[in-house]
Every structure is written in C-alpha cells, then in structure tokens.
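For the record, the sequence lines run as chains A and B. The numbering of the first sequence is numbering that gives the first Met the number 0, which starts it at 0 and goes up by one. The numbering of the second sequence is numbering that gives the first Met the number 0, which starts it at 0 and goes up by one. Cβ coordinates follow ideal geometry from the N, Cα and C atoms, glycine included. Only a predicted model underlies this, so the values are computations on that prediction, with no experimental measurement involved. Here's the structure, in structure tokens; my notes come after.
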Amino acid sequence: MNDLEKKFRVKKTTKYKSQIALIIMVISIFGLFMITSPEVFLKWRIYQSFLSTVPIMGVMALGLTFVLAMGEIDLSFPSVMGMSGFIFAVTFQATNNVLLSIIASLLSGLTVGCINGVLVTCIGIPSIVATLGMQFLIRGFSNIISDGLSRTVALGGTFSYKIFAERLGVIPVQSIWFLGIAIFFYFLLLRHKFGEQALFIGDNKEAARMMGVNVIMMKIMVFMLMGAIASFAGILSCYRMRTWWPTMGEGYLMMVMAAVFVGGTSMFGGEANIEGTFIGAFIIGSLEAGIVASGLSGFWTQFVCGVLIIVSVIIHTISKKRRGT
Amino acid sequence: MDNLVEMKKIHKAYDGVVALKGIDFQIGYNEVVGILGDNGAGKSTLIKIIAGVHSFDKGEMYIKGKRINPKKHSVKTARNMGVETVYQEKALAEKQALWRNIFIGRQITNTLGFINIKKEQEETDKIMRDLMKFRGVGVGADSIIRTLSGGERQGVAISRAMYFEADPVILDEPTMALSLQEVKKVLNFIESIKEKGKSCIYISHNIANVYPVSDRFVAIDRGKVVGEFERKDISLQELSEGLIKYTEEVIQNKQEEKGKSNE
C-alpha cells in the first residue's frame, strides 16, 4: 500500500467519526436512563411521548441547520412559532377552515423570514442582531394582538387532527413529519442546487457571487424557509395541545441551538449535518424527562445539557482537525 | 475587428480620482498578454472594466467585435460573452468538494433542480484528466479544496474557466504567495490555455513569472500605457531593466518637479 492509499484510508474511516460519536452518545444516554429508571425507560410510553414532543423543536433545528450552513443565524424563530401559532388559531376560530388557517400561518412565517433576509442582505445588519430584534418585536406583536390571552382550538376529531396530532399505529405522526422533513432537507442541502448554493455562500460568499450565485436572493429565501418551518412548529404545537398560549415557543431558542451544535453543525458556515441535528434533537429533547425520571432534580438538566454540548463540540472539532482540514 | 478585446481611449475615474487616462489596449485571439505595473497603476481597474465589475466613463470597448455599452456591461453579461476572471482568494469554496466547485452556479440538474451528482463527478474526472492533468497527485473529484495546495487550487479555477470555454481568461496575481514549485504549476496552466487556442490576460508584479508565458507585455503607469513589447523583441533582462530605469526616471522627474515648485 503506498502513501496515497494510506491517506485515502484514513479519510474514509474518519469521515463518519462525528456520526459514530453521536450514535454512541445516544446509546449511552438512553442506556444510562434504562439503568437508572428502568420502570420508565424500558416501556414504550416514554418513547411515544418523545416522538410527539421532540419533533416540534426538531423541525426548527433542521431549519436552523440550513441557516447556519449559509453562515448566518436566526434567533427569531421561537417568536415566529408563537405568532404563527396565534394566526393559525384565530384564523381557525374565525373560519373553521383548516387549509386556510395553515396557509395564513405559513404566510406569516414566510413574511417574517423575508423581513429578516432583507434586514441582513439589503440593509447589511448582522443576522444575530437583526433576528434578535425581530425576536422581541414578534413576541411583542403577538402579545399585543392576542392581548396575552390563550386561545382554544377545537381541532379534535377533524381529519387534519389525524394528520398532525394522532398516531399511526403506535407511532405519533409528529415524528413521521420530522423524519420526512429531515429527509427532504437532507436532499435539499446535499443534492439540490438550492442547498449547494447555501453551502457555498456560507463557505466563501465572494466565490459564490463570482460564480453567478445570487447571494441576496438565496439568503432571503433561506430565512423564509426558516420562518415557514417555525410556523409549522407552531401549527404542530397548536394541534398537539389544542390550545394556543402566549408564551408558545419560549424556551426553544437554546434547546434548538443545542440540538444543532450537538449534532455537529458548526457556527462558521459552509458545513451542515442534517442527520446530526436529527439525532441531536432527540438527545436534547429527552434529557429533562430522563433526568427527572432518574430521581435527580430538574436542576441537573441544564448541567448535563451543558456537559453534552461541550463534549460533543470537542469531539466534532477534533475529528474535523484530524481529517486534515 | 480581429481582436478579442479592444479598448480605445478608455477613461475611468472613481469619485474624481482618475484611474485610467485614455488607455488603448487590445488582446488578440489565442494570445497571452502580461500586464505590468506598480500598485495603483491601473492594472486592476483595466481588467475590472473588461470583466464588467466597473463601467468606464469615456472611450470605446469591443469584446469579440461587439461594441460594449458601459451602462449595460456587468459581470453577468461579461461572463455570457466568455470573459472570466480568476481571483486567488475569491475563486473556490474551501470546505466543498472539488466537483461542486467546478459546477457551482452552472450545476447540471434535472427539471426540479436536483443535481446530477454522477454526471458532475464524471465530468470533473474528465476535466482533471484533460485540462488539469493531475496524475497521481492524490487529488480526486471528491477532494475537499482545502486539502489542495495553492497551485492546485489555481489549477482548478483555471481549468474550470477553460471547461466553460472562457475566452479570455483573466488572471489577477495568480502566483502571489505561492512557492516556486506551485508557481511552475500555475505557469503550466497558463501555457495550456494557449495550447487550447484561448487567450489570457495575466497580471503580476513578478516579471520573471509573466515573461516566459506571455506573447506580449503592456506596461501601465498612472493610468496610461507606457510601453508595449513583443516577447520576441525583448529579453527578460532588458524588460526588467527597462522597467526599473523607467521607474527611476519617473521618480527623478517628480523630484525635479517638486524642486521646481519649491523654488
């Protein structure tokens, strides 16, 4: 075997190092939970619960992965989820028309995404600042128009309820949506022109521009995609609880970012790990339940979550360095 | 009109600062022209006008016999006419695979926009075999750009331009910050542009690099053409001595002018 082959061998084995590390992490976390609280974690029920709650933050983590791949960030999605959930709820209350409500809700998310994109590209505000502002603005806006009051959404028993909130056999449908969107995003990112261009923008904006990529248009569209996916999370949440409440989405910001970073996507752009985000969402989303079931106080959740983020980011960073990159 | 690019009395000023004062420049088909000059001489402005990055204020420009309207000339229209510039830092995305870098912006897709990965990789293999001539260097279509050396990167960018039939290929300081061996690779690519019957405008500070691959040299100073030489008429030594002498004279004249105005 010559040097060249050796070089290639090394590349092939390290290529999936991040993914392998993640799977080991999942197995050890759930293994630990099974040992510490077998009465909970050896039964299907807890997994059924995860499969219906994790997808709501998970789909937003997928969207954020796309935004990060492009070298930008979006902090406004928890508020967009709340606002679009409100629009879904009131449209449904007023018209009783599911399709119309969904369209109205998605449009509101797309609009906010478009505003984010315009602020970042045309005006030139760094995305972290622009979307931070929008996060407050949108939350305030939905509180003003809702008067801070919850809304009940009488969705039970409708056909759409089956699609968005019930189970297919023993599998909660939310998890099927999550899986479907993850697969769609995977292909969109790695097999489609759209995703390739987003990755190039995140990697070297000038090179992308020189090769004819419309950077401004692409950025606006990715922010719009993020807005739409946050709306979708709001709709799923309304279906699950059959209620809209004013703080919907709050608390998701850090969890979603944690899921993305645990999954191996970097802040620097040009890289994204959709499969990692998918797994990362389940790791982050199941921590609290697992820790509480183990008999530890809820205070441990944040501590363990922090440890996981730091450890996984160290693993991802080192494995990238080893790849000679 | 038998020139690929022809510029007549081109003037350009940025916010009142004159960059080009009536430049005449032409490049023929299948010709490599080296542009020489100090920083601020107007080299970059000249090529950016051809590439459509900047417009010009006065004068005439023709590309492939077609008169260019400065108001309508853009990077996009220039590219559609085959003008492609290779900038060292702005050419490639480092974390992406080589084959993606070849086809970015011009992806081979189906009607839904999904990339035909197999086709793009096959074409990349072909490009590497026929244009880059990377043989057994450990670089494949799948290689990530940042594992490539500086010279190889330039090779990828130049080969990409050639694959898409760019004519002329404009190279802006392609050998800057490269080791001697890497410089040699880049010069080989420039020679292959000529072999393929295409033209190249090559800008560099380093006369020793420009000399062996160029057919003609154009020396620019403060927005004007101050000398044009065919390679067959001038040796490298004469050229570099001439340029140094010219610079010294300019400095001397300036000092004299200063002295006069002080008197």
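Going along chain B, which residues have a C-beta under 9 Å from Gly269 of chain A? Contact of Gly269 of chain A with chain B by beta-carbon distance below 9 Å involves Ala92, Glu93, Lys94, Gln95.
Neighbour-count burial assignment, Lys8 of chain B, 16 or more Cβ in a 10 Å radius: Its Cβ having fewer than 16 others within 10 Å, Lys8 of chain B is exposed.
According to the neighbour-count rule (16 or more other Cβ atoms, all chains shown, within 10 Å of its Cβ), is Met33 of chain A buried or exposed? Flag for Met33 of chain A reads exposed.
Does any CB atom of chain B fall closer than 8 Å to the CB of Ala207 of chain A? Contacts with chain B at 8 Å (Cβ-Cβ) include Ala207 of chain A.
Is the Cβ of Glu71 of chain A closer than 8 Å to any Cβ of chain B? Cβ-Cβ to chain B under 8 Å: no for Glu71 of chain A.
Cα-Cα separation between Gly112 of chain A and Ala227 of chain A, rounded to whole angstroms: The alpha-carbon of Gly112 of chain A is positioned some 8 Å away from that of Ala227 of chain A.
To the nearest angstrom, how far is it from the Cα of Leu252 of chain A to the Cα of Met69 of chain A? Between Leu252 of chain A and Met69 of chain A, the C-alpha separation is close to 19 Å.
Using DSSP bridges, identify the partner residues of Glu59 of chain B. Residue pairing by DSSP places Glu59 of chain B opposite B:Lys7 in a beta bridge.
Collapsed DSSP secondary structure at Asp351 of chain B in the structure displayed: Past the boundaries of the shown model lies residue 351 of chain B; chain B is included only from 0 to 262, so the question cannot be answered.
Collapsed DSSP secondary structure at Glu227 of chain B in the structure displayed: Judged by DSSP in its simplified three-state form, Glu227 of chain B adopts strand.
My output table needs one value for Asn272 of chain A: the three-state DSSP class, helix, strand or coil. If DSSP states are grouped into helix, strand and coil, Asn272 of chain A belongs with coil.
Interface positions of the stretch 177 to 196 of chain A facing chain B (Cβ-Cβ less than 8 Å), listed along the chain: So the list reads Phe186, Arg190, His191, Lys192, Phe193, Glu195, Gln196, given in the order they occur along the chain.
For Ala325 of chain A versus Val128 of chain A, is the C-beta spacing smaller than 8 Å? Not covered by the structure: residue 325 of chain A. The range shown for chain A is 0 to 324.
Within 8 Å of any Cβ in chain B, is that where the Cβ of Leu67 of chain A sits? Chain B contact via Cβ: absent.
Contact criterion: CB-CB distance below 8 Å. Does Phe199 of chain A meet it with respect to chain B? Closer than 8 Å: yes.
What residues in the stretch 205 to 234 of chain A bring their beta carbon closer than 9 Å to a beta carbon of chain B? Per Cβ criterion, the list reads Glu205, Ala206, Ala207, Arg208, Met209, Met210, Gly211, Val212.
Ile170 of chain A - partner residues in DSSP beta bridges: Assignment of beta-bridge partners to Ile170 of chain A by DSSP yields A:Leu167.
From what residue to what residue does the beta strand (DSSP E) around Glu181 of chain B run? Premise fails: Glu181 of chain B lies in the alpha helix (DSSP H), 179 to 194, not in any beta strand (DSSP E).
By the criterion of Cβ-Cβ separation under 9 Å, what are the contact partners of Arg128 of chain B in chain A? Residues of chain A with a Cβ closer than 9 Å to the Cβ of Arg128 of chain B do not exist; the shortest Cβ-Cβ separation is about 17 Å.
Taking 8 Å as the cut-off, decide whether the C-beta atoms of Gly297 of chain A and Thr276 of chain A are in contact. The beta carbons of Gly297 of chain A and Thr276 of chain A sit no closer together than 8 Å.
Taking 8 Å as the CB-CB limit, is Lys57 of chain B close to chain A? So, not an interface residue.
Under a three-way DSSP split, which group does Gln18 of chain A fall into? Gln18 of chain A falls in the helix class under three-state DSSP.
CA nearest to the CA of Pro173 of chain B, picked from B:Gln95, B:Lys47, B:Gly154: Nearest C-alpha to Pro173 of chain B: B:Gly154.
Please tell me whether Tyr160 of chain A and Leu154 of chain A are closer than 8 Å, where the distance is taken between their beta carbons. Contact flag set, yes.
Go ahead and label Leu198 of chain A buried or exposed: buried means 16 or more other beta carbons lie within 10 angstroms of its beta carbon, across all protein chains shown. If you draw a 10 Å sphere on the C-beta of Leu198 of chain A, you find 16 or more other C-beta atoms in it, and that means buried.
Identity of the residue in B:Ser73, B:Ser43, B:Ile144, B:Asp14 nearest Ile22 of chain B by Cα: Cα-wise, what sits closest to Ile22 of chain B is B:Ser43.
Sorted by chain position, which residues of the same chain lie with C-beta nearer than 7 Å to His72 of chain B's C-beta, five sequence neighbours on each side aside? Sequence-distant partners of His72 of chain B (beyond 5 residues in either direction) whose C-beta falls short of 7 Å from its own C-beta, in its chain, are Gly51, Ser54.
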